[in-house]
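To start, the structure under review is shown below, and the notes come after it.
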Ligand code: ADP
Ligand code: MG
């Protein structure tokens, strides 16, 4: 089958280290050709005009039509950076921010971090030269804390708005305010004190919040108007248009080839197994073309990857030409670009992706899609006050997006691993995240931005009142807001850290306890998915390996032990070897110890970032050395919101919600079953389990969180 439907030559992305000058020009020409062949290229001039004529514009276009990579370049060329402003593009997912920035810098023929750069939590690859900046929506929200007018941006593009992440929703409200304040006509019409030049910041750096976060227009006068572009892959632009006062919406015609949809005859019980069977069926029976498989997360992706390799070994040599490429958010960024490389001649690629590949990143070469119909989603139970990640079925809209990925370059096939009748029962679209998620982080951020009356904030869709009230209550218990519902000093410090409020609070408490060194490690390790490598078929071995790190006090100290052992091993090697060698032996060490080296690397990166953050904040970074009791007391003082007490039958009752839970089998305390525990995570499968558990004394709660705990079990 022809792959040339939109001039994609499949060998164009090789990055040969010993590239010759001729290669370089050939490659440059290829890229130019690809850019020109994108559906969006035909309307470049019209789009630039639309942006010039409309301060707010909604652009709707099929995934893969070139919105994310091309529009910022068109605007740059169209002169929207001329007055010194830059173009910011937000993405819900960091993988998209990174891979797209890399691609665009390549298209522009410049090194990443100069004209084109990206910034995500814990990583900033931009410079004074950066004009096109890709970033996560959450990061731009954080920038607004330091620069409420977002003054360095002349254009802000909110990409993938249809995803309706909680950060996108909050950002839309915020940008509406910023745009109003920066728009010239308003600033000229209103006449307030022109002498006040502190642009909305009180003298201590906080935002003056007398106006519930409404920025004073007069202070914005020195800024240029802000161009706002909302981009979406879903056809329904109405909600965005209405929210922005009837803003203009334009549709970009995409290119879509027919995709044959297949359903299973009966329901699948084991979706991993069903996916594997389907992958091999395609590989052995279908013509050339790469396969995209939608899985729910890192763990599932890693186990499918392993199982594919196992099955490949059982096939005759000639059938083994299948290569796997994972892509998920915590994959180290140097690995992420690999999915874009074309497969060597005769080989077929299988891309194992989370819903990142649904609309955020378009991978060339896909002809087959395998869709088990599941996605990991954040859910929140306002009655219980618990936030958890659970696997849920996709919406119809998601299923359609997924199958669409097979028809980008020619006719394709999509295998839905469920029955057709099941598809009919799916909801039309996904509920916006703000309706199903713990809001304490958002409420804290809004308050730090000067928006005190969160309940009356102009959200595109209002979150449930109970959810807001609950998050205010937990922020109050954490000491972040006062009884009058105002942000406290501690709350302001917490908002500045790029972490969940509970983790920020843990760092602040730990600096008072004198064990911040340990807590930094603990929080970094808690911030990554699955540190322990525990494949289903090697559960016994991995549990044994864990024993050498296990702490009788629980998972938190166990995580600290793992980190320290790894670090010690690395430092020893680093002294006698090159850094690359030391990193390589660390990966080997991880393998021997059943530690997930990708996750550990991520935790080490996060650690160095938050260490810098707390140092900037002036917190004392000291170690409690061998005083484990002190550290466990600190855990109780930090995580008291999630405590549970053992019941006569060995189950646990969560103190605040009354929910009955079990300790997860992966915990080092699974058998020990202490009387009282604190935990960080609640997972619902067939049971409710708590993960990342430590043993505490109930009396510590009474002593350290007296506002919540009284003297009785
Ligand atoms: P949209 O935002 O409209 O979904 P994009 O701008 O992301 O579209 O993608 C445009 C085209 O660029 C797609 O066909 C995609 O395959 C290609 N592309 C995007 N990123 C890369 C990359 N890193 N390497 C190669 N091709 C890429
Ligand atoms: Mg896009």
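In full-length UniProt numbering, the protein residues as written are 2 to 714.
C-beta: ideal position from N, C-alpha, C; glycine also.
Worksheet item: Cα separation between residue 565 and residue 612?
Response: 15 angstroms
Worksheet item: Which term fits residue 348, buried or exposed, when burial requires 16 or more other beta carbons within 10 angstroms of its beta carbon?
Response: exposed
Fill in: For residue 99, the three-state DSSP class (helix, strand or coil)
helix
Discussion item. Closest to residue 80 by C-alpha separation, out of 52, 107, 69, would be which residue?
Written reply: 52
Item to complete: Use the C-beta contact count for residue 408: other C-beta atoms within 10 angstroms, 16 or more gives buried, fewer gives exposed.
Response: buried
Fill in: Rounded separation between residue 167 and residue 141 - CA only
13 angstroms
Item to complete: Determine the extent of the alpha helix (DSSP H) in which residue 84 is found, giving its start and end residues.
Response: Segment: none, residue 84 is in no alpha helix (DSSP H) and carries neither H nor E.
Discussion item. If you measure between the beta carbons of residue 299 and residue 359, is that distance less than 9 angstroms?
Written reply: no
Fill in: Spatially closest choice to residue 430 from 506, 400, 91, 540, by CA coordinates
400
Worksheet item: With 16 as the cutoff for other CB atoms within 10 Å, does residue 205 come out buried or exposed?
Response: With a pLDDT of 45 at residue 205, under the threshold of 50, the modelled position of that residue is not reliable, and the figure given next carries that caveat. Exposed: under 16 other Cβ atoms inside 10 Å.
Item to complete: Confirm, please, whether the CB-CB distance from residue 597 to residue 549 is below 9 angstroms.
Response: no
Worksheet item: What is the rounded straight-line gap between the Cα of residue 509 and the Cα of residue 396?
Response: 41 angstroms
Item to complete: Taking residue 353 and residue 306 to be in contact with their CB atoms under 8 angstroms, please state how far apart those CB atoms are, rounded to whole angstroms.
Response: 6 angstroms
Worksheet item: To which residues of the same chain is residue 82 closer than 6 angstroms at the C-beta, ignoring the five residues directly before and after it?
Response: 132
Item to complete: Please classify residue 685: does DSSP put it in a helix, a strand, or coil?
Response: strand
Worksheet item: On the three-state DSSP scale, how would you describe residue 586?
Response: helix
Fill in: Of the listed residues 432, 334, 320, nearest to residue 120 (C-alpha basis)
334
Discussion item. Does the distance between the C-beta of residue 627 and the nearest non-hydrogen atom of ligand 2 fall short of 8 angstroms?
Written reply: no
Discussion item. With a threshold of 8 angstroms (Cβ to nearest heavy atom), would residue 723 be considered close to ligand 2?
Written reply: Since the first residue of the chain shown is 2 and the last is 714, residue 723 is not available in this structure.
Practice prompt. Only counting runs of 3 or more residues, tell me where the beta strand (DSSP E) segments fall wholly within the segment 292–347, in order along the chain.
Written response: 323–328
Discussion item. Quick check: what's the CA-CA separation for residue 576 versus residue 71?
Written reply: 46 angstroms
Worksheet item: How long is the line joining the alpha carbons of residue 553 and residue 545, rounded to whole angstroms?
Response: 15 angstroms
Worksheet item: Should residue 608 be labelled buried (16 or more other beta-carbon atoms within 10 Å of its own) or exposed?
Response: buried
Worksheet item: At a cut-off of 8 angstroms, is residue 330 close to ligand 2 when judged by its beta-carbon and the heavy atoms of the ligand?
Response: no
Worksheet item: Does the Cβ of residue 41 lie closer than 8 angstroms to at least one heavy atom of ligand 1?
Response: yes
Discussion item. For ligand 2, I want to know if residue 161 counts as a neighbour, meaning its beta carbon is within less than 8 angstroms of at least one of the ligand's heavy atoms.
Written reply: yes
Worksheet item: To which residues does DSSP link residue 632 through a beta bridge?
Response: Its beta-bridge partners do not exist; DSSP assigns none.
Practice prompt. For chain B, find out if any of its Cβ atoms is closer than 9 angstroms to the Cβ of residue 600; answer yes or no.
Written response: Absent from the structure is chain B; it holds one protein chain and no more.
Practice prompt. Give me the Cα-Cα distance between residue 463 and residue 393, rounded to the nearest whole angstrom.
Written response: 23 angstroms
Discussion item. For residue 199 and residue 148, what's the separation of their Cα atoms in angstroms?
Written reply: With a pLDDT of 43 at residue 199, under the threshold of 50, the modelled position of this residue cannot be trusted; read the value that follows with caution. Near 11 angstroms, if we compare the C-alpha coordinates of residue 148 and residue 199.
Practice prompt. Could you work out which residue in 537, 322, 315, 97 is closest to residue 328 when comparing CA atoms only?
Written response: 97
Discussion item. I'd like to know whether the C-beta atoms of residue 390 and residue 350 end up nearer to each other than 9 angstroms.
Written reply: no
Discussion item. Based on DSSP bridge pairs, tell me the residues matched to residue 57.
Written reply: 229
Discussion item. Is residue 449 a contact residue of ligand 4, with contact defined as CB to any heavy atom under 8 angstroms?
Written reply: As far as ligands go, the structure on display features ligand 1 and ligand 2 and does not contain ligand 4.
Practice prompt. Thinking residue 556 and residue 669 are a contact (beta carbons under 8 angstroms), I'd like their distance in whole angstroms, please.
Written response: 6 angstroms
Worksheet item: Quick one: what's got a C-beta closer than 6 angstroms to residue 164's C-beta in the same chain, skipping five residues either side?
Response: 93
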